[in-house]
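Some notes on the structure that comes next.
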Amino acid sequence: MTKTVIEMETPITCLEQGTKATVVRLIDHGSSFQRRLRAMGIREGKSLKIVAVHPFAGPLVVEVDGREITIGRGIAQRILVEVKE
Amino acid sequence: MKRIVLMGNPNIGKSAVFSRLTGADVIISNYPGTTVDFSRGRACLQGELVELIDAPGTYSLEPTSRAEEVAFEVLGWADLVINVVDATNLERNLYLTLQLLEKNKPMIVALNMWDEAERSGITIDTKGLERLLQVPVVTTVALTGEGINGLVNRLKDASTPTETKVHSEEEMWMEIGRLTREIQKVTHRHPTAWDKLSQATIKPLTGTPIALMVIFATFWVVRFIGEGLISNLFEPLFELYRPLAMSISNWLGPGLLHDLLIGGLIDGEIDYIQSMGVLTTGIYVPLGMVLPYIVGFYLALALLEDSGYLPRMATLSDNVFHRLGMHGHAIVPLFLGLGCNVPGALSTRALETKKQRFISATLLGLAVPCTAKSAMIFGVLGPYGLSYVASVFATLAVIYVAVGLLLNKVVRGVSPEIFLEIPPYRRPNIFMVLKKTWMRIKWFLSEAIPFLFLGVLMVNVLYATGVIEWMGIVFAPLMEGWLGIPGEAVAVLLVGFFRKDLAVGMLLPLGLDPRQLVIATTVLSLYFPCVATFAVMIKELGIRDTMKSIAVMVATALLVGGAMRFALLG
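So the sequence lines, in the order shown, correspond to chains A and B. Position in the first sequence counted from 1, then plus 1, gives you this note's numbering. Position in the second sequence counted from 1, then plus 441, gives you this note's numbering.
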């Protein structure tokens, strides 16, 4: 199996279904947007898992703290993570 | 009167706690100047009559949406705050709790969904949490009512913490980390069958067929309930009412007032569908034809919401709705609109921005046939074969998508992306489902029935004053030439301006061939919402946007009608 080399910081939109990762950074889009993500459990240092990637640029479903959250593509692009081995 | 406000994150059973605390006299109010609704009710708690307010769910007190702004405003009215917390997700919920503590209002924390937390291996030291937060902490299972008495008994202990420090966001998360480490233990558990089901219903490959089955089953249930109510309850009730209506008719005698109130008599008898009086058709259509299905639709919606399926449906359908300038939640107005466009249009309120509400309401009026209209389309075209019926519905579906794609490009404004939490599946509690359905039906009756009445009255006035006849004469040549249907059908189209369900039925005696009927019913569906929906649109969108919306509908109707004419009649 070839090992894919992924950059340190990857937006979650590049990940495949089932990947586990740690949130590294939220790209700024006004602090209220960041606060909302954080309040829903998506903040620096948190682990998340990609549950579903809907085709044709549809939303992503990620799991944080045992809860699933649906996130539109545009918002998801601004969540940078580090993939866990 | 003392005001108690319930605050908490969305989807954590806050409204269930509210329902358990309040009696039957709950009203849904609209926060002035916004499109946000919240519930308020009264209850006698410990010998004192208090007002309870169920604030919209919010993650923090720094509002990121209109609903969260309203939650913040409503908090200001509180003499006492009940902070409902999801015990299965303590960490996330404590952010709001800590912010609420800074507000220096007497507060009590209810750790809700306590049974679910226990089942999933979470133990919380409530005494410890009480000590750390310095306010009473109780455990509840609102769905079954467990712990609600305990909550009521401890309301008198609600307190403001003796020392509150104002934290920055970062400090807050640090503090929450410390708190949860100290008082919460999580034992690892294996994924349950529910977890597996949850994942299967949200992945595109497995979720889509499941969603289609759920939708199919839902419509079957709605139809079952609607038809059952009509034949067992509403029809008999209207037969009881008939002698009264007839005696009013006799007492009034012929004249303008008779035309307005009772309408025309068919063979000396009142015909609830064709008489068109305010006291006959005006009552029969909303109560006898539409309401039974509304009951079914609201009941189905409550079941979809309370089981936790709706957010999954929104996720799966987001792909389509996102391209039409809305997002997955727009499935609710579409779903309700298939019952009756009026509650559909009212439910566009839940969408976040003006652009989303405009597109949703326009597509609703344009291409979503209500039960009354669908029944008429079946009635008129069914005898010629189901392919004719299907072609009308298929055309409407294509138009819904095509016009949506276009409006998304043209309409100015933003359409935020979907961003929602998927709650775990829960077994709906029948008491809660029925109470919610009842509250909505009550709300529908008070919000929509006046408009339906007004609609019939307006049509009657326009008829009596000859306006409709005049319009028929003016527009007949255009319609005849462009749509290829005879002049008499034009008068029908104009009645359809206000009452499309009836207009479709009136096409029958004109002897159109099935192709002409397909064109006429499609155009009828497209070009104008029924008058009640029109009135609700003005209320929800404002007169300017409603006019724009109508312009879109008329233009689409003429273009599609013309195109169909060339396709079908040559």
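Ideal Cβ placement from N, Cα and C applies to all residues, glycine included.
- prompt: Using a beta-carbon distance below 7 Å, is PRO12 (chain A) in contact with chain B?
  reply: no
- prompt: Considering only residues of the same chain and omitting the five flanking positions on each side of LEU620 (chain B), which have a CB-CB separation below 7 Å?
  reply: LEU535, LEU573
field: C-beta contact flag for LEU765 (chain B) and GLY845 (chain B) at 7 Å
entry: yes
Buried versus exposed, by CB contacts within 10 Å (16 or more), PRO691 (chain B): Sequence check: residue 691 (chain B) is Asn here, not Pro. Per the 10 Å Cβ criterion, exposed.
query: Helix, strand or coil: how does DSSP classify CYS15 (chain A) here?
result: helix
query: Grouping DSSP H, G and I as helix and E and B as strand, with all else coil, what is ASN450 (chain B)?
result: coil
- request: Name, please, each residue of chain A whose Cβ falls closer than 8 Å to the Cβ of ILE656 (chain B).
  value: Under the 8 Å cutoff, chain A gives no residues; its nearest Cβ is about 18 Å from ILE656 (chain B).
- prompt: Below 7 Å between beta carbons: does that hold for LEU804 (chain B) and ALA786 (chain B)?
  reply: no
message: Please tell me whether LYS644 (chain B) has its Cβ less than 7 Å away from any Cβ of chain A.
response: yes
message: Any C-beta of chain A within less than 7 Å: which residues of the stretch 526 to 544 of chain B qualify?
response: ASN530, GLU532, ARG533, TYR536
message: For LYS877 (chain B), list the residues DSSP reports as bridge partners.
response: Per DSSP, none; premise fails for LYS877 (chain B).
- prompt: How would you list, in chain order, the residues of chain B whose beta-carbon sits under 8 Å from the beta-carbon of GLU144 (chain A)?
  reply: Here chain A covers residues 2 to 86 and nothing more, so residue 144 (chain A) does not appear.
Cβ neighbour criterion (16 or more within 10 Å) applied to ASP598 (chain B): exposed
message: For GLN35 (chain A) and GLU509 (chain B), I'd like the C-alpha separation in whole angstroms.
response: 15 Å
Option in B:GLY718, B:PRO684, B:MET947, B:PRO918 with minimal Cα separation from HIS1020 (chain B): Missing from the structure shown is residue 1020 (chain B); chain B here goes from 442 to 1011 and no further.
Test: GLU69 (chain A) CB closer than 7 Å to a CB of chain B: yes
- request: Using 10 angstroms around the beta-carbon of GLY488 (chain B), count the other beta-carbons present and answer buried if the total reaches 16, otherwise exposed.
  value: exposed
query: Hey, is ARG533 (chain B) close to the ligand PLP, as in C-beta under 6 Å from one of its heavy atoms?
result: Among the ligands in the structure shown, none appear at all, so the ligand PLP cannot be discussed.
message: Against ASP712 (chain B), what residues of chain A qualify as contacts under a CB-to-CB distance less than 9 Å, listed in chain order?
response: Going along chain A, no residue has its Cβ under 9 Å from ASP712 (chain B), so there is no contact; the nearest lies around 50 Å.
query: If you follow the beta strand (DSSP E) that GLU673 (chain B) is part of, which residue opens it and which one closes it?
result: One detail in the question is off: residue 673 (chain B) reads as Asn in this sequence, not Glu. Unbroken run through ASN673 (chain B): none, as it is neither H nor E.
- prompt: Cα separation between ILE7 (chain A) and ILE453 (chain B)?
  reply: Caution applies to ILE7 (chain A), whose pLDDT of 49 falls short of 50 and renders its modelled position unreliable; the value that the coordinates give is listed next. Their Cα atoms are separated by approximately 37 Å.
field: Proximal residues, the stretch 860 to 879 of chain B versus chain A, C-beta separation under 9 Å
entry: PHE860, LEU861, GLU862, ILE863, PRO864, PRO865
- prompt: Are the stretch 5 to 25 of chain A and the stretch 71 to 84 of chain A in contact at 8 Å, needing three or more beta carbon pairs?
  reply: yes
message: Can you find the residues in the same chain that come closer than 7 Å, C-beta to C-beta, to PHE679 (chain B), ignoring five residues on each side of it along the sequence?
response: TYR713, TYR725, GLY729
message: Taking 7 Å as the threshold (beta carbon to beta carbon), is ASP759 (chain B) in contact with chain A?
response: yes
Under the three-state DSSP convention, the category ARG868 (chain B) falls into: coil
Alpha helix (DSSP H) segment containing MET717 (chain B), residue limits: Element bounds for MET717 (chain B): n/a, residue is neither H nor E.
- prompt: Nearest chain B C-beta to SER33 (chain A) closer than 7 Å, yes or no?
  reply: yes
- prompt: Hey, would you say LEU493 (chain B) sits closer than 7 Å to ILE445 (chain B), going by beta carbons?
  reply: yes
field: Assigned secondary structure, SER609 (chain B) (DSSP; H/G/I helix, E/B strand, else coil)
entry: coil
message: Looking at the secondary structure, which residues open and close the beta strand (DSSP E) in which LYS21 (chain A) lies?
response: 21 to 27
- request: To the nearest angstrom, report how far apart GLY482 (chain B) and GLY464 (chain B) are at their CA atoms.
  value: 7 Å
- prompt: For chain A, is any of its Cβ atoms less than 7 Å away from the one on GLU503 (chain B)?
  reply: yes
task: Reducing DSSP to helix, strand and coil, say where ILE494 (chain B) ends up.
output: strand
Start and end residues, beta strand (DSSP E) containing SER48 (chain A): 48 to 54
query: What residues match up with LEU552 (chain B) in a beta bridge as DSSP calls it?
result: B:VAL526, B:THR580
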